[in-house]
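Here is the structure we will look at, set down as structure tokens.
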Amino acid sequence: MAFDIVIIGYFAGFCTAIAQFPQAIKVIKTNDTKSISLGMYFIMTLGITLWFLYGVLLKNLPMIIANGVCLIPSVYILYITIRNLIKSKKLSS
512 MAFDIVIIGY FAGFCTAIAQ FPQAIKVIKT NDTKSISLGM YFIMTLGITL
562 WFLYGVLLKN LPMIIANGVC LIPSVYILYI TIRNLIKSKK LSS
């Protein structure tokens, strides 16, 4: 029974870790971030960072790996969203 629970945990971590990659790929292809919520991505990136640090402090490798992978697209999308927002404000000034 315990083995089944571990499989569920690993699968949940895998799904969470790859969940943002489709959005990141779309941003890479289109450079369009107009419909992305800056607040949501900021809070989510902060949360993922904290989970990653928590995993490091606990020395929990699955938590470190899942959240480390999850940080990659999250930070990228947040960066491009902020960059595009700054560009659009400069153009309108």
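Start counting the sequence shown at 512; every next residue gets the next number (the numbering used here).
Ideal placement from N, C-alpha and C gives every residue a C-beta, glycine not left out.
Keep in mind that this is a model prediction, so the values were computed, not measured.
Whole-Å CB distance - residue i paired with residue j, under 8 Å assumed
i      : j      : result
Met574 : Tyr587 : With 8 Å as the limit, Met574 and Tyr587 do not qualify as a contact, their Cβ atoms being about 21 Å apart.
Ile559 : Leu582 : 5 Å
Ala530 : Val580 : Rounded, the Cβ-Cβ distance is 10 Å, inconsistent with contact.
Chain-order list of residues whose beta-carbon lies under 6 Å from that of residue i (same chain, five-residue window excluded)
i      : result
Ile591 : Val538 and Thr544
Ile547 : Thr592
Environment of residue i [buried if 16+ CB atoms lie within 10 Å]
i      : result
Val517 : exposed
Ser500 : Residue 500 cannot be examined here, being either before or after the span of the chain that is shown, 512 to 604.
Asn578 : buried
Phe522 : exposed
Residues near residue i by beta carbon distance below 7 Å, same chain, minus five either side
i      : result
Gly524 : Pro573 and Ala577
Lys570 : none
Cβ-based neighbour list, residue i, same chain, cut-off 8 Å, excluding 5 preceding and 5 following
i      : result
Gln534 : Ile547, Pro584 and Ile588
Phe553 : Leu589
Cβ-heavy atom distance, residue i to the ligand FMN, below 7 Å
i      : result
Thr541 : Absence of the ligand FMN from the depicted structure is noted, as is the absence of any ligand whatsoever, leaving it without description.
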